[in-house]
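Have a look at the structure below before the remarks.
Number of protein chains: 2
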Amino acid sequence: MEAPRPPLLPFVTVAREPLLDARVFRVERLRRRSGRTGREHEYFHIAAGSWVNVVALTKAGELVLVRQERHGVEATTLEIPGGMVDEGEDPAQAALRELSEETGYVGRVAEPLGWVHPNPALQANRCYTFLVRDVEAGPAHPDEEEDIEVSTVPLAHARELVRRGEITHALVVAALYLLDA
Amino acid sequence: MEAPRPPLLPFVTVAREPLLDARVFRVERLRRRSGRTGREHEYFHIAAGSWVNVVALTKAGELVLVRQERHGVEATTLEIPGGMVDEGEDPAQAALRELSEETGYVGRVAEPLGWVHPNPALQANRCYTFLVRDVEAGPAHPDEEEDIEVSTVPLAHARELVRRGEITHALVVAALYLLDA
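Heads up: the protein sequence lines correspond to chains A and B, in order. Under our numbering, think of the first position of the first sequence as 1, with each following residue one higher. Under our numbering, think of the first position of the second sequence as 182, with each following residue one higher.
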């Protein structure tokens, strides 16, 4: 049996030093003091803005998917649409914008399904998930260097795509969980 | 209606430059050539080892949770146990090791539930999820600076914790999806 542990005492951040600006994220070094031990330690921190992803359903109940090159894995991945929220932009607007830019599908209302921390160990930012129903096809207008293949599958098929390892993006899997929940 | 788009052509990575070593991750700059346009662009890349997380169930069907300070969000978070796979370590062994170190709960068999890419846009690494059944309580042995509060909840309650925003870690939400799938 374990001895009872005292409640967690908060850490305090006592210093923050910028190390690297990588455009879509910045790396900082934090110095933080433990509330329990009083000792200070250094931690690396990745600062990034909010992200958004979109469960977009056609009138026929099909889920909109995108396949595109991802420079982290250096390969293409199958995902739901999404991207970065612009400075000052409402996440719901960002969801409708990213959906339209990446896929051409247009929706009217973005219903919030919740949000997650992509990686609370290193990052503070959030990824917001929205449901957009009854989307209608239109012309996509990706960035010049974005090469995106759009497809739809019956929503019920999404779980199978995760199980088969065709959808591997944690934030997409989390979005599907939020949809079910 | 959209004109048919040509199939995606692979990108090729033509250069890779280390920028920053942050112990638990490294930042690199990649130069990659588009297969479609032939043009080269630079992308930032976060290199990290494999991660693992664990759905650990007691004989009574309770899910083991940990609350600990996370220096990304600069606050405590409620999560399932997990961590980094050591160099050369089998992910299943890492799952049992992290479970025991962080919580004291001991399990015998780690059943793979699948894996996800934590962030394919920036990172290539994988997070492997394991199910460990019939875990038994024992003494925890966290790192000296790790201050971890262990609790259990009925597995059926996990979805409510996500819905209420008490569990916010995308990789934990993804693990719960993989469990359901």
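A virtual CB, placed ideally from N, CA and C, is assigned to each residue, including glycine.
Cβ separation of residue i and residue j, assumed to be a contact under 8 Å, to the nearest whole Å
{"i": "Val24 of chain A", "j": "Ala47 of chain A", "result": "At roughly 11 Å, the Cβ-Cβ gap does not stay under 8 Å, so Val24 of chain A and Ala47 of chain A are not in contact."}
{"i": "Glu40 of chain A", "j": "Val14 of chain A", "result": "6 Å"}
{"i": "Ala174 of chain A", "j": "Ala355 of chain B", "result": "5 Å"}
{"i": "Trp232 of chain B", "j": "Val266 of chain B", "result": "7 Å"}
{"i": "Glu166 of chain A", "j": "Leu78 of chain A", "result": "5 Å"}
{"i": "Arg251 of chain B", "j": "Pro154 of chain A", "result": "That belief does not hold up - the Cβ atoms of Arg251 of chain B and Pro154 of chain A are roughly 37 Å apart, past 8 Å."}
{"i": "Leu122 of chain A", "j": "Leu200 of chain B", "result": "Not a contact, Cβ separation roughly 16 Å."}
{"i": "Val54 of chain A", "j": "Leu63 of chain A", "result": "Incorrect: roughly 10 Å between the Cβ atoms, too far for contact."}
{"i": "Glu42 of chain A", "j": "Arg31 of chain A", "result": "6 Å"}
{"i": "His45 of chain A", "j": "Thr349 of chain B", "result": "About 17 Å separates the two Cβ atoms, so there is no contact after all."}
{"i": "Ala305 of chain B", "j": "Val73 of chain A", "result": "5 Å"}
Residue i classed as buried or exposed, judged by whether at least 16 other C-beta atoms fall within 10 angstroms
{"i": "Asp147 of chain A", "result": "buried"}
{"i": "Glu198 of chain B", "result": "exposed"}
{"i": "Ala337 of chain B", "result": "exposed"}
{"i": "His141 of chain A", "result": "exposed"}
{"i": "Val109 of chain A", "result": "exposed"}
{"i": "Arg345 of chain B", "result": "exposed"}
{"i": "Gly61 of chain A", "result": "exposed"}
{"i": "Ala339 of chain B", "result": "buried"}
{"i": "Gly88 of chain A", "result": "exposed"}
{"i": "Glu317 of chain B", "result": "exposed"}
{"i": "Glu183 of chain B", "result": "Here the model assigns Glu183 of chain B a pLDDT of 47, short of 50, so the residue's position is not dependable, and the following value carries that caveat. Answer is exposed; the Cβ neighbour count stays below 16."}
{"i": "Gly83 of chain A", "result": "buried"}
{"i": "Pro10 of chain A", "result": "exposed"}
{"i": "Ala203 of chain B", "result": "buried"}
Residue interval of the beta strand (DSSP E) (run including residue i)
{"i": "Gln249 of chain B", "result": "243-251"}
{"i": "Ala228 of chain B", "result": "221-228"}
{"i": "Thr218 of chain B", "result": "Element bounds for Thr218 of chain B: n/a, residue is neither H nor E."}
{"i": "Pro199 of chain B", "result": "193-202"}
{"i": "Leu238 of chain B", "result": "232-239"}
{"i": "Leu30 of chain A", "result": "26-33"}
Limits of the alpha helix (DSSP H) - the one that residue i falls within
{"i": "Ala110 of chain A", "result": "Segment: none, Ala110 of chain A is in no alpha helix (DSSP H) and carries neither H nor E."}
Closer than 7 Å at the beta carbon, the chain B residues around residue i
{"i": "Ala124 of chain A", "result": "Gly253, Val254, Glu255"}
{"i": "Arg97 of chain A", "result": "In chain order: nothing, as chain B lies at least about 17 Å away."}
{"i": "Arg159 of chain A", "result": "Ala362"}
Partner residues on chain A for residue i, Cβ-Cβ distance less than 7 Å
{"i": "Asp328 of chain B", "result": "Leu8, Arg36"}
{"i": "Thr333 of chain B", "result": "Going along chain A, no residue has its Cβ under 7 Å from Thr333 of chain B, so there is no contact; the nearest lies around 13 Å."}
{"i": "Glu213 of chain B", "result": "One detail in the question is off: residue 213 of chain B reads as Arg in this sequence, not Glu. Within chain A, the residues near Arg213 of chain B are His71."}
Chain-ordered chain A contacts of residue i [CB-CB under 8 Å]
{"i": "Arg344 of chain B", "result": "Gly114, Ala181"}
{"i": "Val247 of chain B", "result": "Per Cβ cutoff of 8 Å: no residues; Val247 of chain B is ~11 Å from chain A at best."}
{"i": "Phe192 of chain B", "result": "Glu69, His71, Glu74"}
{"i": "Leu357 of chain B", "result": "Tyr177"}
Neighbour list for residue i in chain B, Cβ cutoff strictly below 8 Å
{"i": "Thr58 of chain A", "result": "Result: empty, since nearest Cβ-Cβ is about 14 Å, beyond 8 Å."}
{"i": "Pro118 of chain A", "result": "Pro299, Asn300, Ala351"}
{"i": "Val253 of chain A", "result": "A query on residue 253 of chain A cannot be resolved here, the shown segment of chain A reaching from 1 to 181 and no further."}
{"i": "Val132 of chain A", "result": "Those within 8 Å of Val132 of chain A in chain B number zero; the least Cβ separation is about 18 Å."}
Closer than 9 Å at the beta carbon, the chain A residues around residue i
{"i": "Phe225 of chain B", "result": "Leu20, Ala22, Arg23, Val24, Phe25, His71"}
{"i": "Val316 of chain B", "result": "The contacting residues do not exist; Val316 of chain B stays about 14 Å from chain A at best."}
Amino acids of chain B, ordered along the chain, whose beta-carbon sits closer than 9 Å to that of residue i
{"i": "Val55 of chain A", "result": "Those within 9 Å of Val55 of chain A in chain B number zero; the least Cβ separation is about 13 Å."}
{"i": "Val52 of chain A", "result": "Going along chain B, no residue has its Cβ under 9 Å from Val52 of chain A, so there is no contact; the nearest lies around 13 Å."}
Complete beta strand (DSSP E) runs within the stretch 285-362 of chain B (minimum length 3 residues, chain order): You should have 292-297, 308-316, 329-335.
Completely contained beta strand (DSSP E) runs for the stretch 251-277 of chain B, where each covers 3 or more residues: Runs found: 256-260, 263-265.
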